[in-house]
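Enquirer: Before I ask anything, here is the structure I am working with.
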């Protein structure tokens with residue numbers, strides 16, 4: 363049972379579970395948003411390397427973010443949030459509460475030895491830096507390459523697969539565009555590419571307008587010129603970050619990390635990335651920036667830990683990240699069980715309706 | 022957002038002219054309003070009000086499939102009962118409806134794909150973690166058995182019309198086919214009836230096994246709602262198409278399933294809690310689901326009270342089918358609403374995180390201090 367217990371949730375080694383006989387270290391990103399300058403070089407480098415088409419040129423009324431969100435043609439997305447001092451104080455306060463929760467009693471493998479444990483930074487010491495009048499949060503978001511990837515679990519064709527590096531990649535020649543992965547991803551990363559082929563050419567019907575934007579502005583960017591002219595590849599196919607699988611195979615760094623001018627995006631073995639992240643957040647706490655926190659380093663979270671870790675300076679939902687994501691397939695055995703009971707109930711109802719005298 | 026020292030000293034907002042109507046037509050969608058008005062009045066935070074999870078990129082074809090799959094499954098059960106207990110009209114209608122609805126539903130599924138030309142890639146693998154893969158195989162098996170049953174039904178009708186003997190006893194290829202179909206009639210009926218409950222129930226798992234908040238959190242009760250709705254739709258179709266002398270089982274099925282569906286749906290709403298059940302109660306999805314309830318109850322009462330009159334049965338049957346359509350559309354739409362508004366993703370997640378922390382579990386959060 364040991365093997366099966368952690369196949370749908372909990373800490374595990376996804377590449378080994380996928381029966382890879384090649385042993386590669388699990389690879390991942392550490393995105394340190396505290397040194398992101400919002401240059402969007404990662405977005406550009408990603409598009410250039412992976413041949414990701416343009417997905418609409420619009421002003422979205424969201425600070426300097428005119429990309430919107432991760433999607434089929436946006437595999438790196440830089441979020442911009444402008445905050446005033448009261449919000450910064452709130453972020454610092456929520457960070458302090460997080461620190462006060464104490465050191466998690468780690469159940470998983472990547473246990474910190476006491477020597478590595480950073481000094482407590484709970485108390486707002488005299489070193490607390492002054493709160494500025496305003497600040498800009500900039501964060502480059504990307505696919506999390508979850509240990510338990512809902513997109514991969516629910517894919518009916520086997521188009522999504524786990525690589526030897528522990529990452530999750532779509533085979534665009536297999537995917538038939540069923541869209542199940544889109545609904546399953548707890549982070550809203552993967553998306554079906556819109557364009558000329560298939561019924562999606564007219565854009566999504568479920569877009570909603572942006573607060574404060576003139577009516578008619580939609581969540582979904584309108585199809586670009588290239589898309590409306592059938593010049594786009596993989597239309598109707600689910601697309602997302604591959605963690606540059608092609609570059610990894612050649613021992614190269616993914617394009618976004620390579621292009622990042624401030625080393626905000628770091629790439630390497632996942633263990634190393636998590637250690638770097640922990641060291642960095644401890645450093646920031648020591649400097650009094652208690653708002654700093656990590657996202658995705660804990661293997662006991664709802665998706666079994668992520669391949670992409672982040673250092674955030676506010677609550678995750680501020681950046682458009684879910685505060686407590688959970689892989690939907692963790693509940694799948696129970697779902698099938700309930701469906702089984704319901705099926706029996708259906709048989710029972712049908713049988714009961716044939717009982718009794720003929721009328 | 023800009024700030025200056027005078028922000029705090031702003032005069033109170035002037036009350037708007039008129040009856041507080043929006044002035045969207047005058048000032049370009051209200052863009053020129055005071056910035057303080059643009060701060061969203063909500064208790065949760067989000068990134069510019071954008072959704073976190075993405076709504077399923079599914080069109081109305083999928084909602085239609087939910088209904089058609091239900092019709093197919095329920096009809097196969099009625100056909101099996103009709104065959105076993107001697108309701109030939111019920112059997113005939115059930116068999117035609119089972120394969121007809123399954124075929125239409127399968128077509129709807131293929132049409133909704135991003136690459137319809139690759140529809141058969143669904144048969145590339147068997148994957149138990151994907152309800153869509155499991156469902157594709159269920160639908161395939163169900164359709165196989167149902168089409169055999171229909172073929173048998175058709176040859177029976179043909180041989181009866183040509184006064185039996187001649188076609189059946191000859192040594193021709195046709196006669197051989199007729200004899201084979203006579204033998205497989207029983208297994209085909211049983212096979213279709215066996216795969217009918219999974220066909221009706223798996224669609225609930227299909228919706229629930231997503232990050233769409235209202236769908237996922239309703240996974241305990243949604244299968245019961247969906248199988249009842251399948252029974253109701255099939256019973257409705259039988260009431261419309263079967264002579265009153267043989268519609269007794271359909272009327273009983275309508276009454277029993279309406280009761281089950283109403284109870285399961287109430288329980289589902291209750292379990293979802295006030296936040297996640299809001300899409301089921303409000304807006305377009307709420308209206309659809311209220312209409313579904315009214316139609317279902319009216320149809321069930323009508324089928325019991327008036328089901329022995331041809332017109333009464335037909336009208337009740339139509340109401341039951343319309344009720345099932347509204348239910349499927351309503352649940353489908355409610356899920357979309359819950360995915361698009363980040364409130365439904367953030368609030369329940371924050372609540373469960375806070376509840377776990379309050380219970381002393383601090384090692385399973387994705388956000389950590391170190």
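Chains as they are written, first to last, in this note's numbering: chain A, 363 to 721; chain B, 22 to 391. Positions of the beta carbon are idealized from the N, C-alpha and C atoms, including for glycine.
(1) If you draw a straight line from the alpha carbon of residue 336 of chain A to that of residue 158 of chain B, how long is it in whole angstroms?
(2) For residue 170 of chain B, collect the residues of the same chain with a Cβ closer than 6 Å to its Cβ; drop the 5 residues on either side in sequence, then sort them by chain order.
(3) Which value, in whole angstroms, describes the spacing of the CA atoms of residue 533 of chain A and residue 437 of chain A?
(4) Compare the C-beta of residue 662 of chain A with all C-beta atoms of chain B and state if any pair is closer than 7 Å.
(5) Could you tell me whether the Cβ of residue 379 of chain B comes closer than 7 Å to any Cβ of chain A?
(6) Name the two residues that bound the continuous alpha helix (DSSP H) containing residue 163 of chain B.
(7) Residue ranges of each alpha helix (DSSP H) run of no fewer than 4 residues wholly in the region 377-426 of chain A, ordered along the chain?
(8) Assuming residue 658 of chain A and residue 668 of chain A are in contact, meaning their beta carbons sit under 8 Å apart, how far apart are those beta carbons, in whole angstroms?
(9) Going by the beta-carbon positions, is the gap between residue 671 of chain A and residue 639 of chain A smaller than 7 Å?
(10) What span of residues does the alpha helix (DSSP H) with residue 206 of chain B cover, start to end?
(11) Taking Cβ positions only, does residue 120 of chain B come closer than 7 Å to chain D?
(12) What number of angstroms, rounded off, separates the C-alpha of residue 128 of chain B from the C-alpha of residue 353 of chain B?
(13) Report the start-end ranges of each alpha helix (DSSP H) in the region 77-154 of chain B that is 4 residues or longer and not cut off at the edges.
(14) So, do the region 154-168 of chain B and the region 611-629 of chain A have three or more beta carbon pairs nearer to each other than 8 Å?
(15) Confirm, please, whether the CB-CB distance from residue 335 of chain B to residue 265 of chain B is below 7 Å.
(16) Listed from N- to C-terminal order along the chain, which residues in the region 410-428 of chain A have their beta-carbon within a distance smaller than 7 Å of any beta-carbon of chain B?
(17) Do the region 307-319 of chain B and the region 361-370 of chain B make contact, defined as three or more Cβ pairs closer than 8 Å?
(18) Run through chain A and tell me which residues come within less than 7 Å of residue 245 of chain B, C-beta to C-beta.
(19) Measure the alpha-carbon distance for residue 569 of chain A versus residue 172 of chain B and round it to whole angstroms.
(20) So is residue 626 of chain A buried or exposed if we call it buried at 16+ other beta carbons inside 10 Å?
(21) Any residues in the region 506-524 of chain A with a beta carbon nearer than 8 Å to a beta carbon of chain B? Which ones, in chain order?
(22) Based on Cα-Cα distance, which residue from A:596, A:676, A:418 and A:538 lies nearest to residue 145 of chain B?
(23) Would you verify that the beta carbon of residue 91 of chain B is, or is not, closer than 7 Å to some beta carbon of chain A?
(24) If I follow the unbroken beta strand (DSSP E) through residue 344 of chain A, where does it start and stop?
(25) Which bits of chain A does residue 106 of chain B rub up against, with CB to CB less than 7 Å?
(26) Where do the ends of the alpha helix (DSSP H) carrying residue 317 of chain B lie?
(27) Are residue 529 of chain A and residue 232 of chain B closer than 7 Å when you measure CB to CB?
(28) Distance check for residue 535 of chain A and residue 684 of chain A, CA to CA, integer angstroms please.
(29) What do you reckon, are the CB atoms on residue 554 of chain A and residue 600 of chain A nearer than 7 Å?
(30) When the Cβ atoms of the region 86-106 of chain B are set against those of the region 245-259 of chain B, are three or more pairs found closer than 8 Å?
(31) So with CB distances below 7 Å, who are the chain B contacts of residue 541 of chain A?
(32) Can you give me the Cβ contacts of residue 314 of chain B inside the same chain, cut-off strictly under 8 Å, excluding the 5 residues immediately before and after it?
(33) Note down, in chain order, each residue of its chain lying with its Cβ closer than 8 Å to the Cβ of residue 290 of chain B, except the 5 sequence neighbours on either side.
(34) Tell me whether the beta-carbon of residue 78 of chain B lies closer than 7 Å to the beta-carbon of residue 544 of chain A.
(35) Among B:325, B:348, B:347 and B:243, which one has its Cα closest to the Cα of residue 337 of chain B?
(36) Using a Cβ-Cβ cut-off of less than 9 Å, give me the residues of the region 656-682 of chain A that come near chain B, in sequence order.
Expert: Short version:
(1) Because chain A in this structure spans residues 363 to 721, residue 336 of chain A falls outside the shown range and cannot be described.
(2) Locating residue 170 of chain B in the second chain gives position 149, counting from the first residue. Once the five neighbours on either side are set aside, the close Cβ partners of residue 170 of chain B are 116, 209, 210 and 213.
(3) Position 171 of the first chain, counting from 1, holds the residue named residue 533 of chain A. Position 75 of the first chain, counting from 1, holds the residue named residue 437 of chain A. Taking the straight line joining both Cα atoms gives about 16 Å.
(4) The residue given as residue 662 of chain A occupies position 300 in the first chain. Chain B, which has a Cβ nearer than 7 Å to the Cβ of residue 662 of chain A, makes this yes.
(5) Counting from 1 along the second chain, the entry for residue 379 of chain B is found at position 358. Contact of residue 379 of chain B with chain A is not assigned, every C-beta pair being separated by 7 Å or more.
(6) As a working mapping, residue 163 of chain B is identified with position 142 in the second chain. Where residue 163 of chain B is concerned, the enclosing alpha helix (DSSP H) starts and stops at 152-182.
(7) DSSP runs (the alpha helix (DSSP H)) wholly in the region 377-426 of chain A: 403-412.
(8) Taking the first residue of the first chain as 1, we reach residue 658 of chain A at position 296. Taking the first residue of the first chain as 1, we reach residue 668 of chain A at position 306. Taking C-beta atoms under 8 Å as the contact rule, residue 658 of chain A and residue 668 of chain A qualify, at a distance of about 4 Å.
(9) Sequence index remark: in the first chain, residue 671 of chain A carries index 309 (1-based). Sequence index remark: in the first chain, residue 639 of chain A carries index 277 (1-based). Yes, the pair counts as a contact, with Cβ atoms nearer than the cut-off.
(10) Walking along the second chain from the start, residue 206 of chain B turns up at place 185. Element bounds for residue 206 of chain B: 194-229.
(11) Note that chain D does not occur in the displayed structure, where the protein chains are A and B.
(12) Locating residue 128 of chain B in the second chain gives position 107, where the first residue counts as 1. Locating residue 353 of chain B in the second chain gives position 332, where the first residue counts as 1. About 19 Å.
(13) Counting only runs of 4 or more, we get 81-106 and 109-133.
(14) No, because fewer than three Cβ pairs between the region 154-168 of chain B and the region 611-629 of chain A fall closer than 8 Å, the two stretches do not touch.
(15) Along the second chain, one-based indexing puts residue 265 of chain B at 244. Along the second chain, one-based indexing puts residue 335 of chain B at 314. Between residue 265 of chain B and residue 335 of chain B, the gap from beta carbon to beta carbon reaches 7 Å or more.
(16) Against chain B - using a Cβ distance shorter than 7 Å - the residues of the region 410-428 of chain A are 424.
(17) With the cut-off at 8 Å, the region 307-319 of chain B and the region 361-370 of chain B do not touch.
(18) Here residue 245 of chain B refers to the residue found at position 224 of the second chain. Within chain A, the C-beta atoms nearer than 7 Å to that of residue 245 of chain B come from 704 and 707, in chain order.
(19) As a working note, residue 569 of chain A is residue 207 in the first chain. As a working note, residue 172 of chain B is residue 151 in the second chain. With a pLDDT of only 39 at residue 569 of chain A, under 50, the local geometry of the prediction cannot be trusted, and the value read off the model is given with reservation. Taking the Cα positions, residue 569 of chain A is about 46 Å away from residue 172 of chain B.
(20) In the first chain, counting from the first residue as 1, residue 626 of chain A sits at position 264. The residue in question, residue 626 of chain A, is buried, as its Cβ has 16 or more Cβ neighbours within 10 Å.
(21) Among the residues of the region 506-524 of chain A, those with a Cβ less than 8 Å away from any Cβ of chain B are 512, 515, 516, 517, 518, 519, 520 and 521, in the order of the chain.
(22) Looking up residue 145 of chain B in the second chain gives position 124. Among A:596, A:676, A:418 and A:538, the Cα nearest to that of residue 145 of chain B belongs to A:538.
(23) As a first step, residue 91 of chain B must be located in the second chain, where it is residue number 70. Cβ-Cβ to chain A under 7 Å: no for residue 91 of chain B.
(24) As displayed, chain A neither begins before 363 nor continues past 721, which places residue 344 of chain A out of reach and without an answer.
(25) Sequence index remark: in the second chain, residue 106 of chain B carries index 85 (1-based). What residue 106 of chain B touches in chain A: 716.
(26) If you number the second chain from 1, residue 317 of chain B lands on position 296. Boundaries of the alpha helix (DSSP H) around residue 317 of chain B: 304-327.
(27) The count along the first chain starts at 1 and reaches residue 529 of chain A at position 167. The count along the second chain starts at 1 and reaches residue 232 of chain B at position 211. No. Outside cutoff.
(28) Along the first chain, read from residue 1 onward, the residue named residue 684 of chain A stands at position 322. Along the first chain, read from residue 1 onward, the residue named residue 535 of chain A stands at position 173. So the alpha carbons of these two residues sit roughly 31 Å apart.
(29) As a first step, residue 554 of chain A is located in the first chain; it is residue number 192 there, counting from the start. As a first step, residue 600 of chain A is located in the first chain; it is residue number 238 there, counting from the start. Yes, Cβ-Cβ distance for residue 554 of chain A and residue 600 of chain A is below 7 Å.
(30) Under the 8 Å Cβ criterion, the region 86-106 of chain B counts as touching the region 245-259 of chain B, having at least three qualifying pairs.
(31) Taking the first chain and counting its residues from 1, one reaches residue 541 of chain A at position 179. Residues of chain B whose Cβ lies closer than 7 Å to the Cβ of residue 541 of chain A are, in chain order, 77, 78, 79 and 135.
(32) Here residue 314 of chain B is taken as the residue at index 293 of the second chain, counted from 1. Around residue 314 of chain B: 283, 286 and 344.
(33) Position 269 of the second chain, counted from the start, is the residue given in the question as residue 290 of chain B. So the list reads 298, 301 and 302, once near-sequence residues are dropped.
(34) The residue given as residue 78 of chain B occupies position 57 in the second chain. The residue given as residue 544 of chain A occupies position 182 in the first chain. Against a cut-off of 7 Å, the Cβ pair of residue 544 of chain A and residue 78 of chain B comes out as a contact.
(35) Taking the first residue of the second chain as position 1, residue 337 of chain B is located at position 316. Per the Cα distances, B:325.
(36) So the list reads 656, 657, 658, 659, 660, 662, 663, 664, 665, 667, 668, 674, 676, 677, 678, 679, 680, 681 and 682, given in the order they occur along the chain.
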